[in-house]
Each structure stands twice: as structure tokens, then as C-alpha cells.
Amino acid sequence: MPASPLHRPLAGRRTPVTTYRLQLTPDFDFAAAQAMLPYLSELGVTDCYLSPILQAAPGSLHGYDVVDHNAISAELGGREAFEAFSRAAHDAGLNVLVDLVPNHMAVPTPAWHNTALWSVLSLGADSPYASWFDVDFGDDGLLMPVLGERIGEAIGSGHLTFDHAQIPGQDGEVPVLRYFDHVFPVRAGTEHLPLTALVDRQHYRLAYWKVADEELNYRRFFDVGTLAAVRVENPEVFDATHALLLELFNAGLIDAFRIDHPDGLADPQGYFERLFEATGGAYIVAEKILEGDEPLPGAWPVAGTTGYDAAWRIGGIQVDAHGQGDMARIMTELTGDLPGTLDEVIEASKREIIDTSLTAEIHRLAQLAADIFHDDIRLRDHTRAAIQSCLTELVVAIDRYRAYVRPGEPGEPWPPMDPEQRSALSAAADRAREHLTSDELQTLDVLLDLLTGAEAGSAGRTHEERRAELAIRFQQVCGAVTAKGVEDTAYYRWTLLASLTEVGADPHTFGFHPDDLYAWAQQIGATHPVSMTLGTTHDTKRGEDVRARMSVISQDVQGWRRLITRHAHLFDGVHGRLTNLMWQVLFGTAIESDPMTADRLSAFAIKAAREQKDVTSWTRVDQEAEAALTQAVTAALADAELQSDLAAYAQQLSAGIRTAILSTKAVQLSLIGVADIYQGSEVLRSSLVDPDNRRSVDFGALAEALAELDAGKNPASLDEEKLWLTATLARLRRARPDVFLSGIVRPLPTTTTLALAFTRGEDADIAVVAERLGTRIAQRGGFRDHVVVLPPGSWRDLLTGEEFDGSNLRLADLLATYPVAILTTTKD
Numbered sequence: 001m002p003a004s005p006l007h008r009p010l011a012g013r014r015t016p017v018t019t020y021r022l023q024l025t026p027d028f029d030f031a032a033a034q035a036m037l038p039y040l041s042e043l044g045v046t047d048c049y050l051s052p053i054l055q056a057a058p059g060s061l062h063g064y065d066v067v068d069h070n071a072i073s074a075e076l077g078g079r080e081a082f083e084a085f086s087r088a089a090h091d092a093g094l095n096v097l098v099d100l101v102p103n104h105m106a107v108p109t110p111a112w113h114n115t116a117l118w119s120v121l122s123l124g125a126d127s128p129y130a131s132w133f134d135v136d137f138g139d140d141g142l143l144m145p146v147l148g149e150r151i152g153e154a155i156g157s158g159h160l161t162f163d164h165a166q167i168p169g170q171d172g173e174v175p176v177l178r179y180f181d182h183v184f185p186v187r188a189g190t191e192h193l194p195l196t197a198l199v200d201r202q203h204y205r206l207a208y209w210k211v212a213d214e215e216l217n218y219r220r221f222f223d224v225g226t227l228a229a230v231r232v233e234n235p236e237v238f239d240a241t242h243a244l245l246l247e248l249f250n251a252g253l254i255d256a257f258r259i260d261h262p263d264g265l266a267d268p269q270g271y272f273e274r275l276f277e278a279t280g281g282a283y284i285v286a287e288k289i290l291e292g293d294e295p296l297p298g299a300w301p302v303a304g305t306t307g308y309d310a311a312w313r314i315g316g317i318q319v320d321a322h323g324q325g326d327m328a329r330i331m332t333e334l335t336g337d338l339p340g341t342l343d344e345v346i347e348a349s350k351r352e353i354i355d356t357s358l359t360a361e362i363h364r365l366a367q368l369a370a371d372i373f374h375d376d377i378r379l380r381d382h383t384r385a386a387i388q389s390c391l392t393e394l395v396v397a398i399d400r401y402r403a404y405v406r407p408g409e410p411g412e413p414w415p416p417m418d419p420e421q422r423s424a425l426s427a428a429a430d431r432a433r434e435h436l437t438s439d440e441l442q443t444l445d446v447l448l449d450l451l452t453g454a455e456a457g458s459a460g461r462t463h464e465e466r467r468a469e470l471a472i473r474f475q476q477v478c479g480a481v482t483a484k485g486v487e488d489t490a491y492y493r494w495t496l497l498a499s500l501t502e503v504g505a506d507p508h509t510f511g512f513h514p515d516d517l518y519a520w521a522q523q524i525g526a527t528h529p530v531s532m533t534l535g536t537t538h539d540t541k542r543g544e545d546v547r548a549r550m551s552v553i554s555q556d557v558q559g560w561r562r563l564i565t566r567h568a569h570l571f572d573g574v575h576g577r578l579t580n581l582m583w584q585v586l587f588g589t590a591i592e593s594d595p596m597t598a599d600r601l602s603a604f605a606i607k608a609a610r611e612q613k614d615v616t617s618w619t620r621v622d623q624e625a626e627a628a629l630t631q632a633v634t635a636a637l638a639d640a641e642l643q644s645d646l647a648a649y650a651q652q653l654s655a656g657i658r659t660a661i662l663s664t665k666a667v668q669l670s671l672i673g674v675a676d677i678y679q680g681s682e683v684l685r686s687s688l689v690d691p692d693n694r695r696s697v698d699f700g701a702l703a704e705a706l707a708e709l710d711a712g713k714n715p716a717s718l719d720e721e722k723l724w725l726t727a728t729l730a731r732l733r734r735a736r737p738d739v740f741l742s743g744i745v746r747p748l749p750t751t752t753t754l755a756l757a758f759t760r761g762e763d764a765d766i767a768v769v770a771e772r773l774g775t776r777i778a779q780r781g782g783f784r785d786h787v788v789v790l791p792p793g794s795w796r797d798l799l800t801g802e803e804f805d806g807s808n809l810r811l812a813d814l815l816a817t818y819p820v821a822i823l824t825t826t827k828d
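Its first residue numbered 1, the sequence shown is counted upward by one per residue in full-length UniProt numbering.
Here it is in C-alpha cells:
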């Protein structure tokens, strides 16, 4: 499929070349970011890529919990500081890309920080903001599961009280309900009632927090009750929530957008169409998690994804497929998980999520479907139990976040369903049928008709609004269950090789062949030539350097087995899945220039254990098990013999580690599309899952190191080599955007599969050659007489300054200094 005009910005709109992601916090605000602009310009990037900038909830460290769409974060410096930053960036030749969060808003403490939510709590369904939120009000109003005890206990203990408070935007003090730090409005006319009656008469229902999983009546971000979904599909809600950002865009202060979690939206395609039109065809990328070979929907007017689909493929080049069997045996011995059972682990994890943290979502979906069935006499004999069973099996069986179905306008036929999406839903139905009774199979067939807009039940009812709502809600629930069941549960449980269980990755694939990578890059180049690539993000479970080190374990599994066997006693009593994961994390994070600490490692271990849900969880904390885990992790990090052996093992694999880190970065920055550099990742980082991957960066030290390299210093460490490589490629990209945004990548012949080689651009005058599986190369005594066939001519390696003539070049000569070569024809 050729690239659509909608997959590039329209004329007059800017396309990034190389972005640099900055995580803004109160300690690293707009002014601090502005001070870093000279360094970013020297590094060679073209765009500053900012985390969300709108006003977030009190204490927010990430910005995804927006409370006010009409204000720039005061904690970051406010609008004046943002405008000063943006003008300074543009003066420095840098554009500004902003992370936009359309799917949800914060349910803050206290609630009055979110004016829209406060209005809904005050007025219920009569609030002018009621249409903003996806709420089934019912008789009890909006459920607010914020109590640390049951409601009767909260009233009886005096923890829940009637009071008065000054609320911003309101004159004088107003009556409120207080529960510790929580403050809620009191419905007009109820303030004189006794407390119990008063609580019962509100437009919301205060409840024990454990009630949420079963009875929550508003859509949320996955299972996070403090992030309420926003109905941005309503034009008036879109306009209200996007007005300020679009104003800044039209003023030239914002150039492009990254869209957070589009799969939570009712109609992602409709949203992107509206945003594309509102921005006059700006550069827009979607944080779309694609599973396996799932394509990005071609009808979306976006430049592409944020790059998770690139990260796992590029990283997989450094995984040795020959090590899979031995790694699987270690996993089985430690965990009991058998090779080839990942799908079973995924299925069990999704079912567990449905039965626990997302029970309310399945219940709401089943109730909506049951009402549709009951109200149509031809469908009435399908029971609610059968309906819920069918929906559950469909959600479990879907092999991606969601299959996209776009209902028509009320009373109008639904648009034809994309064949790719129909195929995905049909395949899920086939898998679901294996778990259903014969009676339930009939119910499933009717459900599939309802979900796809086909004729079902009585004539003339196909286009009812509730049927469209069912189709939309089903897709949203599928996404939530996949996110929490697969990435946040199964991928923590499956410990074959932890570098493979990353956001947007496909751990079914152990190792990626160069030919498969070229084929994927050429496909993306043809359809979405300016899609993003990335190495690390604020959401990755492990940073790019940690994953690279982990992947190298696959190149010497027997040495790895000896190491962990010798020190097995350190994890006595710890669950096998945690043990196998933590061994790999200990090695992956053993980066001398960014040393791991006991606090950071323990925090990761506890989070991993709660996500695995085998011995503890977020809602059922086992303090004894967590204490034992913390003790084991702390002891392992402090154990001198283990640390010595880890260092010795790393030294033994030093060629493989260096190759994995530098080659992965080189390919990520050169293979296809717009390349992103996450803050600090131009040198080695031992980053783990958030909030660890959002740690501060010493930009002053980076600027000093880059200046020394530019002054002629030879890189003396792997950190300096990575920095030099990153700057070299970023600067080349800035000088030659025509090449790197062309979408044209052509593989070059080599006489070995242990090297990647390709050219970029129509003229093929830029070439990249990179080693893979460096441990195997070292074990074979180097490349010997293996060659790469370059286009005829003279070439210069930008990393070393060396020049090469001819086309058949010995890899041993070309890669004598670095495991990568960045080549340009000497005419440049």
C-alpha cells in the first residue's frame, strides 16, 4: 500500500527529523528546559518533544492527570514560561512537539481542582459538563470509591464530616463533605439534613475503594480510578479540551502532537480526522500499541506510531535465536513455565484481570448488551449469563488492543468494516467458540452481528444508538483488558528473556533476522515514511541499555546458568518468576556509570511482584512476601561475590554488550522515519519502569562531554562512544532530512548474517553498517574475510574520519574501531 497523503504533514506544516523527549516536572520546568536548548542544538536534534504541559493534578510528576485544559501547568512555570521556552527553541532552530492527552482527566484530591468534575459532582446529570464523562448515573449517581473503610464505618467513626470550605471560583465558603484530604460538594437543598441522609442524597455515591472493581459506573483509564475517561468524540468536548493547545499551535508555539492512548477513545479515526483538520494537517503520531504484525489502520490521518513497533524489532536483532532452548530450560527450572506456553499465560492473565480489577467494565458491557437483547422480542431469550460469557470469551480471545468498528450516525448504515479488522474479530470469535456451550454459540453469533452493525433481531433496529454504544464500549474494554492482562501481567510473568517483554513487543519472537527487519522497514517506508522510532520512553519497563545487556545473555546462556546457579541461595524463598526476572534485571542494570541503588531496585522488584500477582498485588498486598523480596534484592545488590561475578560475566561478554548498545542505537537513529532520543539516553542509563525511567538528567555533564568530543577528544568509554554516535547521526539527519525522511531503505549484500548493512535515500549516498551478536563475532575471531558490498565509489566513516574506496569492503577493516560505521560518499 503506497503512503497516503494523510500520513505526512500537509504543505506548510513541519516534519520533525530527530526529536528529543523531555520529561517536565516541577524540578525540571520550562525554564530549566530552556536552559538546555543550546545543548540540544549542539547534539543535532530538530525538535523538543515535551511531556504534557496542561495543568495537572496537585503533586503530578508526569502530567497525564490533567485537571484544566485551559491552563498551562503552573508548576512548570505557566503560560508565560512556556511561550518563552517555545520562542527560545524556535530561535535556536528547534521545533516543539507536545504530548496531548485526549482520553482522560484526573479525579484529583481534593476534587475541586477539576472544575468539570466538581460540577458533575454538584449537579449530576444536569451539569453542563455531564456530557464530558462516560458515566452511567443510575439512582446512586457517580460512584466515588475513595474511602478507606465502608461508608457506614466512615460516618460512624467521624472520619466523614459535614463542613464549609472556600472553593476557588466560588464566592465565600460553601457546604462540603470532608473525608481526610478529600473534599466533595453538597447538593443544594440537602445541607440541613442529618449526615446519613445528606450523604445519601448527593449526586455521587461515596464508597469503600474496594467497591470500585465491581461497581464502578464511569469509564476510566484502564483500571486507574483516579483517571476518568473523557468523551472527546463529542464535538463540544473536543473543542473545549483542545482550545488552548490549538491556540498555541496556531500561534506557532507548538508544531506537532503526540497523541496519548488513542485506543481509549470511542472513535480514534474520527478523533484523528478532527485533529488533522483543526491543525491544517500537522505532524501527528499516535501512541498506538501494535501487536505482532498488526498494521496501523491506514485510514488514520497520522504520520505513524510513536515507535514501539520499531523498538522491539531493532532490539531483537541482538538476541541470539540459538540461545532460546537453554533460556527456556532455565525458565522452566525456576518458574515451572514451559516453553511454548506464552499464549496460555496471556489467556490466564486476561481472565484474572476480567475477574478482578476490570470486573466493573465487563459488568457494564454485559448489562448494556443484555438490555439490548431484552428490549427486542426476537432476542429476549438469550440470557444475561450467556451474554456475559460470550463477551468475556471474545475479550480474552482478541489478539490485539481492539478491532476497529465505526458505527454510523444514528439511523444511518455503518460504514463497511475494514477487512483487517473484520478478520481480527472473526479470528477472536473462532477462538472464543472453543470455550462456549452450544446455546452460547447462538448468543455469540447474535453478539457478533450487533458488534459489527449487521442485521440482528427485529427489523429496523440495526442502527439504534445503543447498538453503536455497545460496539464502542466493547472495543474500549478489549483495550483495557489487553493492557492490564498482557503488558502489565503476562509480560511480568513470562521471564524467558525480559528484554522481549516490553511495551508493544512480541515475546513470541526470540531473535529477529536482518532480512525480516529490512522487510518491515521497507513496508513502513512505503506506508508511513515519517513514523517514529524509539529506544526508551517514560513507559518502557526497561531502558534501551538495560534491554541490550539482557539480550546479550542469549549469546552465552551456559555462562549465565553457571553464574545464577552459584548464587541461587540469594533468592531462596522468592517466587520463581520473580527470581528469574530479578537475575536478568541485576545484570541488565549493572552499568558502572549509572549504578543501581537498593531503593531503586527494591521499588522495581515490588512493582514487578504486584504486577505478576503471584504472591502479592496492588489490592492484596502481602507485606511479609514483599519484605522478604526487598531483603533478597538488597542482599544481592550488596553481595560482593555476586557483583564480582556479574562484572566478570559482563567482561566476558564485553564485545557483545558494546555491539548491542551501539548497533541498536545506530539502527534506531538511521533505519526509518523520525528518530526519537529519550532524555539522557545518548549515554548509558540503568533505567527501569516508571517512575525510575523519569529520573533527572545531568544535562550540564552531557553538554561538557559533547564539547570535549567536538574538541577532538577520542571517546574513552562506552558512554562517550554512545554520545558521539548519537550526535554524529543526529547531525547527519539534520543536514540530510531528505534522505532520512524519504522512506527509502535498501539492504546491502553481506557475506555474513552477523552484520546489518543498508543505504538510505534515493541516491543511496548514506550507508549504515552495524554488527549484531558481537559475542559470536568475538568467539569466531572477528569477521575475517567477510565483506559488505557498497555502491561503487569512495566512502567516509563519520565516526572515525577514515575513508574507504571500492565496493567490496572487508567488514574487519570497516568495523575495526566501532561496531558500527556511518558512511557517506566523499562528494558530501
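Glycine included, C-beta positions come from ideal geometry on N, C-alpha and C.
Predicted model only: the values in this text are computed from it and were never measured.
Query raised in the report: Exposed or buried, which one is residue 377 when buried takes at least 16 other CB atoms within 10 Å?
Result: Locating residue 377 in the sequence shown gives position 377, counting from the first residue. Residue 377 is exposed by the Cβ-count criterion.
Query raised in the report: Who are the Cβ neighbours of residue 83 in its own chain at under 7 Å, not counting the five residues just before and after it?
Result: For this step, residue 83 is matched to residue 83 along the sequence shown. The residues are 253.
Query raised in the report: Are the stretch 526-533 and the stretch 296-310 in contact at 8 Å, needing three or more beta carbon pairs?
Result: yes
Query - Residue span of the alpha helix (DSSP H) that contains residue 404, given as start and end - result: Taking the first residue of the sequence shown as position 1, residue 404 is located at position 404. That residue, residue 404, is in no alpha helix (DSSP H); it is neither H nor E in DSSP.
Query raised in the report: Which word fits residue 393, buried or exposed, when buried means at least 16 other C-beta atoms lie within 10 angstroms of its C-beta?
Result: Position 393 of the sequence shown holds residue 393. It is buried - the Cβ of residue 393 has at least 16 other Cβ atoms within 10 Å.
Query raised in the report: Just to confirm, are residue 767 and residue 820 a CB contact at a threshold of 8 Å?
Result: Along the sequence shown, read from residue 1 onward, the residue named residue 767 stands at position 767. Along the sequence shown, read from residue 1 onward, the residue named residue 820 stands at position 820. In this structure, residue 820 does not lie closer than 8 Å to residue 767 by Cβ.
Query raised in the report: Who are residue 334's beta bridge partners in DSSP?
Result: As a first step, residue 334 is located in the sequence shown; it is residue number 334 there, counting from the start. Note: residue 334 sits in no beta bridge, so no partner.
Query - Nearest-angstrom beta carbon gap, residue 222 and residue 480 [assumed within contact, 8 Å] - result: On the sequence shown, residue 480 is found 480 positions in, with the first residue counted as 1. On the sequence shown, residue 222 is found 222 positions in, with the first residue counted as 1. That belief holds up - the Cβ atoms of residue 480 and residue 222 are roughly 5 Å apart, short of 8 Å.
Query raised in the report: Alpha carbon to alpha carbon, how far is residue 741 from residue 17?
Result: Taking the first residue of the sequence shown as 1, we reach residue 741 at position 741. Taking the first residue of the sequence shown as 1, we reach residue 17 at position 17. Computed Cα separation, rounded: 7 Å.
Query - Three-way DSSP call (helix, strand, coil) for residue 106 in this model - result: Numbered from its first residue, the sequence shown carries residue 106 at position 106. Looking at residue 106 - three-state DSSP - the assignment turns out to be strand.
Query raised in the report: DSSP state of residue 149, grouped into three classes?
Result: As a working note, residue 149 is residue 149 in the sequence shown. Residue 149 falls in the coil class under three-state DSSP.
Report task. Identify, in the order they occur along the chain, each residue of the same chain with its Cβ nearer than 6 Å to the Cβ of residue 51, setting aside the five sequence neighbours on each side. Result -> As a first step, residue 51 is located in the sequence shown; it is residue number 51 there, counting from the start. Contacts found: 23, 24, 63 and 99.
Query raised in the report: Do residue 511 and residue 549 come within 8 Å of each other at the CB atom, strictly closer than that value?
Result: For the purposes of this step, residue 549 is identified with residue 549 of the sequence shown, where counting begins at 1. For the purposes of this step, residue 511 is identified with residue 511 of the sequence shown, where counting begins at 1. No, these two residues do not count as a Cβ contact at 8 Å.
**Report entry** Cutoff 6 Å; reference residue 102; Cβ partners in own chain excluding five residues on either side
**Finding:** Start at 1 with the first residue of the sequence shown, and residue 102 comes out as number 102. 232.
Query - Limits of the unbroken alpha helix (DSSP H) element including residue 729 - result: Stepping through the sequence shown from its first residue, residue 729 is reached at position 729. Counting along the chain, the alpha helix (DSSP H) containing residue 729 begins and ends at 718-735.
Query - Residues near residue 829 in its chain [Cβ-Cβ closer than 7 Å; skip 5 each side] - result: Outside the shown range of the chain (1 to 828) lies residue 829, about which nothing can therefore be said.
Report task. Give the range of the beta strand (DSSP E) segment to which residue 693 is assigned. Result -> Counting from one through the sequence shown, the residue named residue 693 turns up at place 693. Careful: residue 693 lies outside any beta strand (DSSP E) and carries neither H nor E.
Query raised in the report: By Cβ distance, which residues of its chain are closer than 7 Å to residue 331, with the 5 residues on each side in sequence left out?
Result: Taking the sequence shown and counting its residues from 1, the one referred to as residue 331 is at position 331. Counting only Cβ-Cβ distances below 7 Å, and skipping sequence neighbours, we find 337, 495, 496 and 580.
Report task. For residue 714, name the three-state secondary structure that DSSP assigns. Result -> Numbered from its first residue, the sequence shown carries residue 714 at position 714. Correct three-state label for residue 714: coil.
Query - Extent of the continuous beta strand (DSSP E) to which residue 415 belongs - result: Position 415 of the sequence shown, counted from the start, is the residue given in the question as residue 415. Counting along the chain, residue 415 falls outside any beta strand (DSSP E), and DSSP gives it neither H nor E.
Query raised in the report: How big is the Cα-Cα spacing for residue 79 and residue 656?
Result: Position 79 of the sequence shown holds residue 79. Position 656 of the sequence shown holds residue 656. In a straight line, the C-alpha of residue 79 is about 47 Å away from that of residue 656.
**Report entry** Inter-residue spacing [alpha-carbon to alpha-carbon] between residue 441 and residue 390
**Finding:** Taking the sequence shown and counting its residues from 1, the one referred to as residue 441 is at position 441. Taking the sequence shown and counting its residues from 1, the one referred to as residue 390 is at position 390. Taking the straight line joining both Cα atoms gives about 8 Å.
Requested in this report: Flag this pair as yes or no: are the beta carbons of residue 290 and residue 309 separated by less than 8 Å?
Outcome: Your numbering for residue 290 matches position 290 in the sequence shown. Your numbering for residue 309 matches position 309 in the sequence shown. For residue 290 and residue 309, yes; Cβs fall inside 8 Å.
Query raised in the report: Are residue 353 and residue 489 closer than 8 Å when you measure CB to CB?
Result: Start at 1 with the first residue of the sequence shown, and residue 353 comes out as number 353. Start at 1 with the first residue of the sequence shown, and residue 489 comes out as number 489. Yes. Within cutoff.
Query - Spatially closest choice to residue 565 from 334, 362, 399 and 250, by CA coordinates - result: Taking the first residue of the sequence shown as 1, we reach residue 565 at position 565. It is 334.
Query raised in the report: So, using beta-carbon positions, are residue 602 and residue 634 closer together than 8 Å?
Result: Position 602 of the sequence shown, counted from the start, is the residue given in the question as residue 602. Position 634 of the sequence shown, counted from the start, is the residue given in the question as residue 634. Yes, these two residues count as a Cβ contact at 8 Å.
Query raised in the report: residue 746 and residue 759 look like a contact to me (Cβ under 8 Å); what is the Cβ gap, rounded to whole Å?
Result: Working through the sequence shown from its first residue, we reach residue 746 at position 746. Working through the sequence shown from its first residue, we reach residue 759 at position 759. Residue 746 to residue 759, Cβ: 5 Å. Contact.
Requested in this report: Can you give me the Cβ contacts of residue 509 inside the same chain, cut-off strictly under 7 Å, excluding the 5 residues immediately before and after it?
Outcome: One-based indexing of the sequence shown puts residue 509 at position 509. Closer than 7 Å at Cβ, skipping near neighbours: 316.
Requested in this report: Taking 8 Å as the cut-off, decide whether the C-beta atoms of residue 40 and residue 94 are in contact.
Outcome: Stepping through the sequence shown from its first residue, residue 40 is reached at position 40. Stepping through the sequence shown from its first residue, residue 94 is reached at position 94. Going by C-beta atoms, residue 40 is nearer than 8 Å to residue 94.
Query raised in the report: Which ranges would you report for the alpha helix (DSSP H) in the stretch 494-532 if only whole runs of at least 4 residues count?
Result: 514-527
Query - Nearest neighbour of residue 652, chosen from 710, 557 and 722 [CA to CA] - result: If you number the sequence shown from 1, residue 652 lands on position 652. Of the listed residues, the one whose Cα sits closest to residue 652 is 557.
Requested in this report: Could you have a look at residue 329 and say whether DSSP puts it in helix, strand or coil?
Outcome: Counted from its first residue, the sequence shown places residue 329 at position 329. Looking at residue 329 - three-state DSSP - the assignment turns out to be helix.
Query raised in the report: Rounded to a whole number of angstroms, what is the C-alpha to C-alpha distance between residue 145 and residue 109?
Result: Here residue 145 refers to the residue found at position 145 of the sequence shown. Here residue 109 refers to the residue found at position 109 of the sequence shown. Cα to Cα, residue 145 sits roughly 12 Å from residue 109.
Query raised in the report: Which value, in whole angstroms, describes the spacing of the CA atoms of residue 56 and residue 242?
Result: Your numbering for residue 56 matches position 56 in the sequence shown. Your numbering for residue 242 matches position 242 in the sequence shown. Computed Cα separation, rounded: 15 Å.
Requested in this report: Mind checking which residues open and close the alpha helix (DSSP H) that includes residue 856?
Outcome: A query on residue 856 cannot be resolved here, the shown segment of the chain reaching from 1 to 828 and no further.
Query raised in the report: With burial defined as no fewer than 16 other Cβ atoms inside 10 Å of the residue's Cβ, what is the status of residue 288: buried or exposed?
Result: Counting from 1 along the sequence shown, the entry for residue 288 is found at position 288. Classification of residue 288: buried, given that the 10 Å Cβ count is 16 or more.
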